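First comes the structure, then the notes that go with it.
In the numbering used here, the protein residues as written are 229 to 487.
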């Protein structure tokens, strides 16, 4: 397996080494949340992922471990990975699935900081990316500053925020999204509003929370609603080495007619 090894955090170059599969150990760090709420639990059901990882690593003959982590356990888990490395001599490679907001009990940026501190090889985004994308507001600002085409938007920082004139600025309809949320959590049909009354009612509901979760910790994003086909494009690589990035073919998301 080819592994990219960067000399230091600021080096403009990296070295590639081919390491035999039997000399590495894959640790898949996954956020763990105990809840009796089926709607919340849906977002943390990794049964399909575990089956896929199991088959893949069996085919590659690579040792691996599925490692659930929480805000209370991630320090110990990562420290143990470092200790195992010293004992076995195998190179640990971390597949980091922890992208939580850390507000509602799910680990995210703290895991990345700990992995970096321990100088472990890990997949996923770095600390800077987490900071500007955990909330949609700094992400939208970054798009605007970089001249990236994005839907017109405004932030609603609190339930008492004056929203007069928002339809004049963004048009109608408007879609309301929690600033801190992923996987469409907290977003449904009623989040698309066409008049002030519907807007005010939905904003009030969103600031009350979603099934006990605070999804309005950084406010709400109101966006121009764009009706049309939806595509996702995957990119792998690092912004530090753009020449090594790989852009995959766009994939269209086709939603069930009932939605």
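All C-beta atoms in this analysis are idealised placements derived from N, C-alpha and C, irrespective of residue type, glycine included. Quick caveat: nothing in here was measured; it's all calculated off a predicted structure.
Which first and last residues belong to the beta strand (DSSP E) in which residue 255 is found? 252-259
Measuring only the C-alpha atoms, how far is residue 399 from residue 413? 24 angstroms
So what does DSSP say about residue 295, is it helix, strand or coil? strand
Exposure label - residue 295; buried when at least 16 CB within 10 Å: buried
Taking the alpha-carbon of residue 448 as reference, which of 366, 258, 272 has the nearest alpha-carbon? 366
Using the Cα positions of residue 368 and residue 402, report the straight-line distance between them to the nearest angstrom. 16 angstroms
Residue range of the beta strand (DSSP E) that residue 459 falls in? 458-460
Does the distance from the C-beta atom of residue 300 to that of residue 324 stay below 8 angstroms? no
Contact criterion: CB-CB distance below 8 angstroms. Does residue 401 meet it with respect to chain B? Protein chain content of the structure displayed is limited to a single chain, and chain B is not contained in it.
At what residues does the beta strand (DSSP E) containing residue 481 begin and finish? 479-481
How big is the Cα-Cα spacing for residue 254 and residue 421? 46 angstroms
Output needed for residue 384: all residues of its chain with C-beta closer than 7 angstroms, excluding positions within five of it in sequence on either side, in chain order. 391, 431, 447, 448, 450
Do residue 331 and residue 442 have their C-beta atoms closer together than 8 angstroms? yes
If you draw a straight line from the alpha carbon of residue 363 to that of residue 305, how long is it in whole angstroms? 27 angstroms
Kindly indicate the opening and closing residues of the beta strand (DSSP E) around residue 346. Unbroken run through residue 346: none, as it is neither H nor E.
What does the alpha-carbon distance come out to for the pair residue 408 and residue 444? 7 angstroms
I think residue 354 touches residue 340, with their Cβ atoms under 8 angstroms apart; what is that distance to the nearest whole Å? 7 angstroms
Indicate the three-state DSSP secondary structure (helix, strand or coil) for residue 369 in the structure shown. helix
For the segment 275-333, list the beta strand (DSSP E) runs that are entirely contained and at least 3 residues long, ordered along the chain. 291-297, 319-324
If contacts are defined as beta-carbon pairs under 8 angstroms, then residue 322 and residue 348 qualify, I think. What distance do you get, rounded to the angstrom? 6 angstroms
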